[in-house]
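In terms of the working numbering, the sequence shown opens at residue 235 and continues consecutively. Read the structure below first, then the notes.
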Amino acid sequence: MKMRKYILVVILLCMIFTNQIEEKNIHNQILGRDKDPKIESDISKLQLLYRKSSWTILTLPGLRFLTEIIYPKSTISHFNIKEKVVAFTIDDGFYGMDNPNGSMIDEVTDLFSKYDAKATFFTSGSHCYLETQDLDLFFKNGHEIANHSMYDWPYDRYSKKQFLEDFNMTDSILSQYTNDIPKWYRAPHAKLSKVMDIVLKEKGYKHVVCDVFANDTAIPDSKWIAKYILKRVKPGSILLIHMPEKGVREWNFEAMKLTLIGLKKMGYNVVNLSELQQISEINND
Numbered sequence: 235m236k237m238r239k240y241i242l243v244v245i246l247l248c249m250i251f252t253n254q255i256e257e258k259n260i261h262n263q264i265l266g267r268d269k270d271p272k273i274e275s276d277i278s279k280l281q282l283l284y285r286k287s288s289w290t291i292l293t294l295p296g297l298r299f300l301t302e303i304i305y306p307k308s309t310i311s312h313f314n315i316k317e318k319v320v321a322f323t324i325d326d327g328f329y330g331m332d333n334p335n336g337s338m339i340d341e342v343t344d345l346f347s348k349y350d351a352k353a354t355f356f357t358s359g360s361h362c363y364l365e366t367q368d369l370d371l372f373f374k375n376g377h378e379i380a381n382h383s384m385y386d387w388p389y390d391r392y393s394k395k396q397f398l399e400d401f402n403m404t405d406s407i408l409s410q411y412t413n414d415i416p417k418w419y420r421a422p423h424a425k426l427s428k429v430m431d432i433v434l435k436e437k438g439y440k441h442v443v444c445d446v447f448a449n450d451t452a453i454p455d456s457k458w459i460a461k462y463i464l465k466r467v468k469p470g471s472i473l474l475i476h477m478p479e480k481g482v483r484e485w486n487f488e489a490m491k492l493t494l495i496g497l498k499k500m501g502y503n504v505v506n507l508s509e510l511q512q513i514s515e516i517n518n519d
């Protein structure tokens, strides 16, 4: 028990230290992708090994457990079901404003169709440059989009007014693609303040994190990402891989493919968040 408490303290200290490094001025934010590798060769083999080891140690207690001690009880990291069904979530898509020719939405849509899988795309408002017709097949195949704020930076220091304006702006942009937007929200950089939580509750939204994430934005190794995920997946899990773009995090496309192949071999069905919630509600009636 003492050892477990010691490990937990070390993990929390690491998280606090990491938080202190990040930009504190909300008017001078740095996009997360500007601090992450864009291609595999952007970091050395030694850095890659360090990041893999650090993430493995940091997540030893499991993301379900860490969610319970970090976030309000209303935050969802998974659903309690016994069937081998998981929700696949994809963050940031469709493509960044700094990468106008980077869209891989067609490739990702085709990939998920091949493995009879669906996903919830937590979409940044600043990443929505696709035409409505570009997503016809996307929605037809059962995917859904959800609010991930306007920009890829933390919002935990925003005032209620600032966060609400940003949230509504993102919702307005997403509504140009579909009127069927689920009431899910995922805080960028996994940072949720009390103010943000209050706004979400007032608007009837649920904050969703995940219980399986391989820190794929910082670790450009598709095989390792898939292996990490497949080793930790459980019935009711919420998986996360960030959206690949041409020339930016492109390794995540292969990671998605390997993960979907592995899940199929393990007998899992892959659905979007709303479907997983429905399955959970039926089971718990």
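Each residue gets a CB set at the ideal place from its N, CA and C atoms; glycine is no exception.
Going by beta carbons, K394 and V443 fall outside the 9 Å limit. Nearest Cα to Q511 within the set E317, L492 and R466: E317. In the three-state reduction of the DSSP assignment, F356 falls in the strand class, which pools E and B. CA-CA distance, K307 to H441, rounds to 10 Å. Using a Cβ-Cβ distance cut-off of 8 Å, the segment 282-293 and the segment 488-500 are not in contact, since fewer than three pairs of beta carbons, one from each stretch, lie closer than that value.
Of W485, L473 and N486, the smallest CA-CA separation from I310 is found for L473. Exclusion of the five residues before and after D386 leaves L265, G266, R267, D326, S358 and P422 as the residues of its chain whose Cβ lies within less than 7 Å of its Cβ. Around the Cβ of S360, a 10 Å sphere holds 16 or more other Cβ atoms; the residue is buried.
Taking C-beta atoms as the reference points, P478 and V319 fail to come closer than 9 Å. Looking only at P416, L492, V446 and I453, the smallest Cα-Cα distance to N506 is reached by P416.
One alpha carbon belongs to H377, the other to L494, and they sit about 15 Å apart. Non-local beta-carbon contacts of F397 in its own chain, meaning distances under 7 Å to residues more than five positions away in sequence, involve Y389, V429, M430 and V433 in chain order. In this structure, the CA atom of E436 is about 43 Å from the CA atom of L283. In the three-state reduction of the DSSP assignment, H377 falls in the coil class, being assigned neither a helical nor a strand state. Residue state for F322 is assigned as strand, using DSSP reduced to three classes. Each residue's CA atom was taken as its position, placing Y411 and A380 some 11 Å apart. Nearest to N333 by C-alpha distance, out of R285, A321 and Y363, is Y363.
Counting only residues of its own chain and dropping the five nearest sequence neighbours on each side, F372 has a CB closer than 8 Å to the CB of I339 and T343.
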